[in-house]
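The opening position of the sequence shown corresponds to residue 1 in the UniProt record's numbering, with each subsequent residue numbered one higher.
Here a beta-carbon is modelled for each residue, glycine too, at the ideal position from N, C-alpha and C.
Please read these numbers as outputs of a predicted model, since none were measured by experiment.
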Amino acid sequence: MIELKHVSFSYENGTPSLRDIDLLISSGEVICFTGASGCGKTTLLRLFNGLIPYFFNGKLTGEIIINGMSTQTQSIYDLSQQTGSVFQNPRAQFFCLNSTSEMAFEAENYGYHPQYITEQIRKGTTDLNLSHLLDRDIFKLSGGEKQLLACATIEVCQHDIIILDEPSSNLDHETIKKLKQLILRWKQAGKTVIIAEHRLYYLYDIVNRLVVMEQGAVAHSYTSAELKQLTQTQLAGLGLRATRLDLLPGKSHQRHIDSENRLQLNEFNFKYKKQDKTTLQLGDLSLARGAVTAIVGHNGAGKSTFARCLCGLERHFKGTVVEAQLTLKRKARLKNVFMVFQDVHRQLFAEDLEEELRLSDETLTAEEIQHNLETFNIAHQSDTHPLALSGGQQQRLAVASAVVSNRKILIFDEPSSGLDGANMRQMAALLNRLADKGYTIVLITHDYELLMACTDEVIEIAHGQLVAQFVLNSENEMRLAPLFIN
Numbered sequence: 001m002i003e004l005k006h007v008s009f010s011y012e013n014g015t016p017s018l019r020d021i022d023l024l025i026s027s028g029e030v031i032c033f034t035g036a037s038g039c040g041k042t043t044l045l046r047l048f049n050g051l052i053p054y055f056f057n058g059k060l061t062g063e064i065i066i067n068g069m070s071t072q073t074q075s076i077y078d079l080s081q082q083t084g085s086v087f088q089n090p091r092a093q094f095f096c097l098n099s100t101s102e103m104a105f106e107a108e109n110y111g112y113h114p115q116y117i118t119e120q121i122r123k124g125t126t127d128l129n130l131s132h133l134l135d136r137d138i139f140k141l142s143g144g145e146k147q148l149l150a151c152a153t154i155e156v157c158q159h160d161i162i163i164l165d166e167p168s169s170n171l172d173h174e175t176i177k178k179l180k181q182l183i184l185r186w187k188q189a190g191k192t193v194i195i196a197e198h199r200l201y202y203l204y205d206i207v208n209r210l211v212v213m214e215q216g217a218v219a220h221s222y223t224s225a226e227l228k229q230l231t232q233t234q235l236a237g238l239g240l241r242a243t244r245l246d247l248l249p250g251k252s253h254q255r256h257i258d259s260e261n262r263l264q265l266n267e268f269n270f271k272y273k274k275q276d277k278t279t280l281q282l283g284d285l286s287l288a289r290g291a292v293t294a295i296v297g298h299n300g301a302g303k304s305t306f307a308r309c310l311c312g313l314e315r316h317f318k319g320t321v322v323e324a325q326l327t328l329k330r331k332a333r334l335k336n337v338f339m340v341f342q343d344v345h346r347q348l349f350a351e352d353l354e355e356e357l358r359l360s361d362e363t364l365t366a367e368e369i370q371h372n373l374e375t376f377n378i379a380h381q382s383d384t385h386p387l388a389l390s391g392g393q394q395q396r397l398a399v400a401s402a403v404v405s406n407r408k409i410l411i412f413d414e415p416s417s418g419l420d421g422a423n424m425r426q427m428a429a430l431l432n433r434l435a436d437k438g439y440t441i442v443l444i445t446h447d448y449e450l451l452m453a454c455t456d457e458v459i460e461i462a463h464g465q466l467v468a469q470f471v472l473n474s475e476n477e478m479r480l481a482p483l484f485i486n
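This is the structure we're talking about:
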């Protein structure tokens, strides 16, 4: 059992992150914390696994009791043996290059017998149907595989409390189904599972409780039965995501697309150096200008590789990109295309948000910077270091940098990752506005809610091959069902 008594916390910068929280989590409960980006979900999880106060410094008041003992009287070593965590970015918690070594790493540090560790790895990967992750190069795993690997490491040490921070971010529908089965398995085993999440559709029928946070405090708490009674309108009013993707409204508008005004991609092929197998073999296709084109497919299909080739990051790309009968060489694409990466923290370099936007356009006035920060709902964090922002806030800052860059071809790789319902809908509205202004928008996403709100055309990729390209209208909506619903 976990109990929080009048807990408040402020990081060293003095910003209050949690405010007077009283909370009781029963053993064996599956509880989900949700709310706007920056509301304190990740900070709350750090209380449970001891990262606060033993790693993140700040002012902590109140009492946190785990299994009858105050965390202030336990070492982080003791706490870590009770809790297993999967971070929002699982790469941040890996210490090894090999996946099997990573699964063994934590147990080895606790001094478990090697034979026991080997047996636990075998049993865990077999029970979880994750044997394909054994003895793999971690750097060659897809985002979804890394997420599942982090979950598999929890099985080795058999933690009683499992903490998942945005576990579905960047996962495709098939991997989310595997994640759901993992959570169900832990629930049936009597584990306490604590989740911070924006996507609710895969959780709404398995959580015991949904807690909505606002500005570091508990705003609402719903039992499983109460959650199922909430309408999509009520959820949207709370700024939350949908609980039923099959009940989302269909495509409501169709943007006019000039069939002659397109970016031509010819013989679009790519293979990594020293590899025999071709990674991408898409042939000829095109992108509509003044429209949003979604690139869809399962994890590892080649979507991000496609984006890196298009913007000029991959030197070994074979093919041509033609705009208005002019071939855009690699250097021209680097100059004229802006890509927001899946791991946005890798492209944030400045000391504060104003400096970050000036890296994209040094001529911006103070008024223009303030307007853009307000547009993306991060103006209140203007003096914060970009890497100190929440995941969703970093995402919005990176998108703001793309918008002010004045480049007419914009690529967004999972731009709604870490975004709550309200900010996801604002993101869709922004992409629609940019398309209406004539920008060529490429959207790589596993987010069905975002896709349905702004997409004009769809390109589906599987195993590096072009499966289909089609206009997204009411007749074609069902073509997306296998990738996003069932």
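Per-residue burial, residue i [other beta carbons within 10 Å of its own, 16 or more giving buried]
i: Asn129; result: exposed
i: Ser304; result: buried
i: Tyr116; result: exposed
i: Ala366; result: exposed
i: Met452; result: buried
i: Leu227; result: buried
i: Ser168; result: buried
i: residue 548; result: Past the boundaries of the shown model lies residue 548; the chain is included only from 1 to 486, so the question cannot be answered.
i: Ala324; result: exposed
i: Ala291; result: buried
i: Arg241; result: buried
i: Glu355; result: exposed
i: Met339; result: buried
i: Arg333; result: buried
i: Glu368; result: exposed
i: Thr363; result: exposed
i: Met213; result: buried
i: Arg346; result: exposed
Sequence-distant residues of its chain with Cβ nearer than 8 Å to residue i (five each side left out)
i: Arg262; result: Ser286, Leu287, Ala288 and Arg289
i: Pro16; result: Ser8, Phe9, Ser10 and Gly216
i: Ile52; result: Phe9, Thr43, Arg46, Gly58 and Leu60
i: Arg185; result: Asp127 and Leu128
Inter-residue Cα distance where the pair is residue i and residue j
i: Asp137; j: Ala92; result: 16 Å
i: Asp284; j: Phe412; result: 22 Å
i: Ile461; j: Gly418; result: 24 Å
i: Glu29; j: Ala428; result: 34 Å
i: Thr384; j: Phe87; result: 22 Å
i: Leu443; j: His298; result: 14 Å
i: His113; j: Glu145; result: 27 Å
i: Phe306; j: Gly464; result: 9 Å
i: Gln232; j: Gln395; result: 25 Å
i: Cys309; j: Lys329; result: 11 Å
i: Gly300; j: Gln72; result: 43 Å
i: Leu387; j: Asp456; result: 33 Å
i: Leu148; j: Leu171; result: 10 Å
i: residue 509; j: Leu79; result: Nothing can be reported for residue 509, as the shown portion of the chain is limited to 1 through 486.
i: Arg315; j: Thr293; result: 24 Å
i: His446; j: Arg244; result: 15 Å
i: Lys271; j: Leu280; result: 7 Å
i: Ile2; j: Val218; result: 16 Å
i: Leu483; j: Leu248; result: 15 Å
i: Arg255; j: Lys191; result: 49 Å
i: Met69; j: Leu4; result: 12 Å
i: Cys39; j: Ser142; result: 29 Å
i: Gly391; j: Asp205; result: 26 Å
i: Phe33; j: Ile76; result: 23 Å
Nonlocal neighbours in the same chain, by C-beta distance under 7 Å from residue i, ignoring five residues either side
i: Gln12; result: Sequence check: residue 12 is Glu here, not Gln. Within the same chain, Glu12 has close Cβ partners Asn57 and Gly58.
i: residue 487; result: Past the edges of the chain, shown from 1 to 486, lies residue 487, and the structure says nothing about it.
i: Thr125; result: Ser131, Leu133, Leu134 and Ala152
i: Asn266; result: Asp284, Gly319, Thr320 and Val322
i: Asp246; result: Ile485
i: Glu108; result: Ile117
i: Gln229; result: none
Beta-carbon contacts of residue i that lie in its chain and below 6 Å, excluding the five residues immediately before and after
i: residue 489; result: Coverage of the chain is limited to positions 1 through 486, which leaves residue 489 absent and any answer about it impossible.
i: Gly84; result: Ile154, His159 and Ile162
i: Cys454; result: Val292, Ala428, Leu431 and Asn432
i: Tyr222; result: Leu210
i: Val344; result: Gln394, Gln395 and Ala398
i: Gln120; result: Val156
Contact with chain B by residue i, beta-carbon distance below 7 Å
i: Ala402; result: No chain B is present in this structure, which holds just one protein chain.
| task | Go through the stretch 227 to 280 residue by residue and report every complete run of the beta strand (DSSP E) that reaches 3 residues or more, in order. | result | As far as the stretch 227 to 280 is concerned, its whole beta strand (DSSP E) runs of at least 3 residues are 262 to 270.
| task | Please specify which runs of the alpha helix (DSSP H), each continuous and at least 4 residues long, are wholly inside the stretch 381 to 426, giving them in chain order. | result | Residue ranges of uninterrupted alpha helix (DSSP H) with 4 or more members, entirely inside the stretch 381 to 426 and ordered along the chain, are 391 to 404.
| field | Runs of alpha helix (DSSP H) wholly within the stretch 444 to 481 (minimum 4 residues, chain order) | value | As for any alpha helix (DSSP H) of minimum length 4 sitting wholly inside the stretch 444 to 481, the runs are 448 to 454, ordered along the chain.
| query | Does the stretch 468 to 475 come close enough to the stretch 430 to 450 to have 3 or more Cβ pairs within less than 8 Å? | reply | No: the two stretches stay apart, fewer than three of their Cβ pairs being nearer than 8 Å.
| request: Tell me, please, whether the stretch 168 to 187 touches the stretch 99 to 114 by the rule of three or more beta-carbon pairs shorter than 8 Å. | output: Contact fails between the stretch 168 to 187 and the stretch 99 to 114, because fewer than three Cβ pairs, one in each stretch, are under 8 Å apart.
| said: Report the start-end ranges of each alpha helix (DSSP H) in the stretch 41 to 127 that is 4 residues or longer and not cut off at the edges. | reply: The qualifying runs are 41 to 48, 51 to 54, 76 to 82, 99 to 109 and 114 to 127.
| In chain order, each alpha helix (DSSP H) run of at least 4 residues that lies wholly inside the stretch 277 to 312 | Taking 4 residues as the minimum length, the alpha helix (DSSP H) runs contained wholly in the stretch 277 to 312 are 303 to 311, in order along the chain.
| request: Report the residue ranges of all alpha helix (DSSP H) runs contained in full by the stretch 316 to 357; include only those spanning at least 4 residues, in chain order. | output: As summarised for the stretch 316 to 357, the continuous alpha helix (DSSP H) elements at least 4 residues long and confined to that stretch are 330 to 336, given in chain order.
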